[in-house]
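With numbering that gives the first Met the number 0 applied, the sequence shown covers 0 to 85.
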Amino acid sequence: MRIEIDEERCCGGGQCVEAAPEVFDQRDEDGLVLLLDAVPPPSQHAAVRTAAHLCPTAVIRLIEDDRRPDDPRESTAPPVRPPDRP
0 MRIEIDEERC CGGGQCVEAA PEVFDQRDED GLVLLLDAVP PPSQHAAVRT
50 AAHLCPTAVI RLIEDDRRPD DPRESTAPPV RPPDRP
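Below, the structure is given as structure tokens:
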């Protein structure tokens, strides 16, 4: 699971922090969401789903993917095209 936040739409309600305090916090200056862990461990997934469900402005986007960005099997490089044959 990977989490993305649309900070511009956050209303600072704090439901995410109550549901998943290991993953979300609120900024001191304005109370808006602060993402502590964009790729939380599986033990936090249920709490994160609850936080996303409770968010009054639906700013929490969950990308359900079992792979972690630091997984060496994953590559962000474009696919290599084989050379054209003459």
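Positions of the beta carbon are idealized from the N, C-alpha and C atoms, including for glycine.
Keep in mind that this is a model prediction, so the values were computed, not measured.
To the nearest angstrom, how far is the alpha carbon of residue i from that of residue j?
i	j	result
T86	V16	This structure gives no information on residue 86, because the portion of the chain shown stretches from 0 to 85.
R48	I62	11 angstroms
D5	L33	11 angstroms
E28	L35	16 angstroms
DSSP state of residue i, grouped into three classes?
i	result
L34	strand
R8	helix
Along the chain, where does the alpha helix (DSSP H) that runs through residue i open and close?
i	result
R48	H44 to L53
E17	Q14 to A18
Skipping 5 residues on each side, what residues in its chain have a beta carbon closer than 6 angstroms to that of residue i?
i	result
G11	G30 and L31
P39	V22 and V47
Return the chain-ordered list of same chain residues with a C-beta closer than 7 angstroms to the C-beta of residue i, the five sequence neighbours on each side being excluded.
i	result
R8	T56 and V58
Quick one: residues in its chain with C-beta nearer than 8 angstroms to the C-beta of residue i, no 5 flanking neighbours on either side, listed in chain order?
i	result
A37	R1, I2 and E3
G13	Q25 and G30
A19	P39, Q43, A46, V47, T49 and A50
In terms of residue numbering, what span does the beta strand (DSSP E) encompassing residue i cover?
i	result
D24	F23 to Q25
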